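Visitor:
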Ligand SMILES: Nc1nc2c(c(=O)[nH]1)N[C@H]1C(S)=C(S)[C@@H](COP(=O)(O)O)O[C@H]1N2
Ligand SMILES: [Mo]
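Residue numbers (the working numbering): 25 to 345.
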């Protein structure tokens, strides 16, 4: 099993595993400032357990609360996060991953570091992540299918690992690859995507302090269906960029392939930033259904993480989707 590393901060809340207690202490509201949970705090403190807003109630009874006004962000229950999943290697139905990843073997686990970096090679996962204290980050996850969740991740900034790997001056992108083990993953029989699943970021996106490598949810190790033992979380991009169960990290000079872009470039751009002004060719992206809620809510530019806007200041995001 993974060696769980305690945070060096004084914060001990991640040790609490009881969801009710966790939620009563940790549920937070954002009322008029929907992105407060992630954008108003200094980088590095973003949404650490110690900084999240706590509240005794959510404003769901607020009569002024309409689809057009920002609503509170309440943590999605652990049960929903772990049973409503997209992980096509385990099947395309939302319920498939929890069923078929039940016995997913995540130990031993190695990650190949390849391409334009000083420290290429194959590493035991524990060696790769050992120097990085675990932090908690509460992020919204917006799927391109127009549903969303609020997930308390455990993990550490991808930037911290990348710095140790020392990409060279040619490195402009980072590509990630998911395990493709037909013995464990019945979904690989499907031709819906080319396997292994690959995703990629521009290096500056990968280095952004919001970009996380996650190893847990609600203070517990990730389950197979959520991308155990380690997965990417890029909260301002559609969920499919947040690749699961990573076995390779590759630094490249040219823009790498990504699975969904290969499948349908018209529908899934390389950047895939959450953008309510650019509809999917087959549906609107203006609104989303937060899992557990009835009424749809407005989708926010960059999923509300507007501090990333400067990464794209030179780009037309209606063209570079
Ligand atoms: N390897 C792999 N990673 C993946 C996927 C997948 O099918 N395979 N699905 C993506 C999609 S579409 C979403 S919305 C998120 C869902 O993450 P969750 O199930 O942990 O909420 O994982 C992403 N990462
Ligand atoms: Mo998704």
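Every residue gets a Cβ at the ideal spot worked out from N, C-alpha and C, and that includes glycine. All figures in this text were calculated on a predicted structure; none of them were measured in a lab.
1. Going by beta carbon distance, what residues of the same chain come within less than 8 Å of residue 195, once the five residues before and after it are set aside?
2. Below 7 Å, is the gap between the Cβ of residue 110 and the nearest heavy atom of ligand 2?
3. Residue ranges of each alpha helix (DSSP H) run of no fewer than 4 residues wholly in the segment 125-203, ordered along the chain?
4. Look up residue 284 in the DSSP assignment and say whether it is helix, strand or coil.
5. Please report the distance separating the alpha-carbon of residue 208 from that of residue 267.
6. When the Cα atoms are used, what is the spatial distance from residue 136 to residue 272?
7. Assign residue 129 to buried or exposed, taking buried as 16 or more other Cβ atoms, counted over all protein chains shown, within 10 Å of its Cβ.
8. Across which residues does DSSP place residue 223 in a beta bridge pair?
9. With 16 as the cutoff for other CB atoms within 10 Å, does residue 211 come out buried or exposed?
10. First and last residue of the beta strand (DSSP E) that includes residue 241?
11. Starting from residue 105, trace the alpha helix (DSSP H) both ways and give me its first and last residue.
12. Classify residue 172 as buried or exposed, calling it buried when 16 or more other Cβ atoms lie within 10 Å of its own Cβ.
13. Under 8 Å: do the segment 279-288 and the segment 148-155 share three or more Cβ pairs, one atom per stretch?
14. Given residue 253, which residues of its chain have a CB within under 8 Å of its CB, disregarding the five upstream and five downstream residues?
15. Got a sec: does ligand 1 put a non-hydrogen atom nearer than 7 Å to the Cβ of residue 131?
16. My output table needs one value for residue 73: the three-state DSSP class, helix, strand or coil.
17. Can you look up residue 91 in the DSSP assignment and give me helix, strand or coil?
18. Quick check on the DSSP output: the beta strand (DSSP E) that includes residue 256 runs from which residue to which?
19. For the pair the segment 106-124 and the segment 318-325, tell me if three or more CB-CB distances fall below 8 Å.
20. Comparing alpha-carbon positions, which option in 156, 98, 180, 144 lies nearest residue 257?
21. At a cut-off of 7 Å, is residue 173 close to ligand 1 when judged by its beta-carbon and the heavy atoms of the ligand?
Guide: In terms of the structure at hand:
1. For this step, residue 195 is matched to residue 171 along the chain shown. Answer for residue 195: 139, 140, 141, 227, 275, 276, 277, listed in chain order.
2. For the purposes of this step, residue 110 is taken as residue 86 along the chain shown, with counting starting at 1. It does: the Cβ of residue 110 is within 7 Å (strictly closer) of some heavy atom of ligand 2.
3. 149-153, 182-189
4. Working through the chain shown from its first residue, we reach residue 284 at position 260. Residue 284: helix per DSSP, three-state reduction.
5. Within the chain shown, residue 208 is the residue found at index 184, counting from 1. Within the chain shown, residue 267 is the residue found at index 243, counting from 1. Near 18 Å, if we compare the C-alpha coordinates of residue 267 and residue 208.
6. Walking along the chain shown from the start, residue 136 turns up at place 112. Walking along the chain shown from the start, residue 272 turns up at place 248. Rounded to whole angstroms, residue 136 to residue 272 spans 5 Å at the Cα level.
7. Walking along the chain shown from the start, residue 129 turns up at place 105. Burial call: exposed.
8. Numbered from 1 along the chain shown, position 199 holds the residue referred to as residue 223. According to DSSP, residue 223 bridges with 200.
9. Here residue 211 refers to the residue found at position 187 of the chain shown. Buried, by the Cβ-count rule.
10. Start at 1 with the first residue of the chain shown, and residue 241 comes out as number 217. Run containing residue 241: 236-241, per the beta strand (DSSP E) assignment.
11. Position 81 of the chain shown, counted from the start, is the residue given in the question as residue 105. Unbroken alpha helix (DSSP H) run through residue 105: 102-105.
12. Here residue 172 refers to the residue found at position 148 of the chain shown. Per the 10 Å Cβ criterion, buried.
13. no
14. Taking the first residue of the chain shown as position 1, residue 253 is located at position 229. So the qualifying residues of the chain are 26, 130, 131, 133, 149, 239, 245, 246, 269.
15. Walking along the chain shown from the start, residue 131 turns up at place 107. Residue 131: no, Cβ never under 7 Å from ligand 1.
16. Numbered from 1 along the chain shown, position 49 holds the residue referred to as residue 73. Note on residue 73: pLDDT 34, under 50, position unreliable in the model; no value is reported.
17. Here residue 91 is taken as the residue at index 67 of the chain shown, counted from 1. Low confidence applies to residue 91: its pLDDT is 46, below 50, so where it sits in the model is not reliable, and the reading given next is rough at best. The answer is coil: DSSP assigns residue 91 none of H, G, I, E or B.
18. What you label residue 256 is simply residue 232 of the chain shown in a count that begins at 1. Where residue 256 is concerned, the enclosing beta strand (DSSP E) stretches over 255-257.
19. no
20. Residue 257 sits at position 233 when you count from the first residue of the chain shown. Of the candidates 156, 98, 180, 144, the one whose C-alpha sits nearest the C-alpha of residue 257 is 180.
21. Along the chain shown, read from residue 1 onward, the residue named residue 173 stands at position 149. At least one heavy atom of ligand 1 is nearer than 7 Å to the Cβ of residue 173, so yes.
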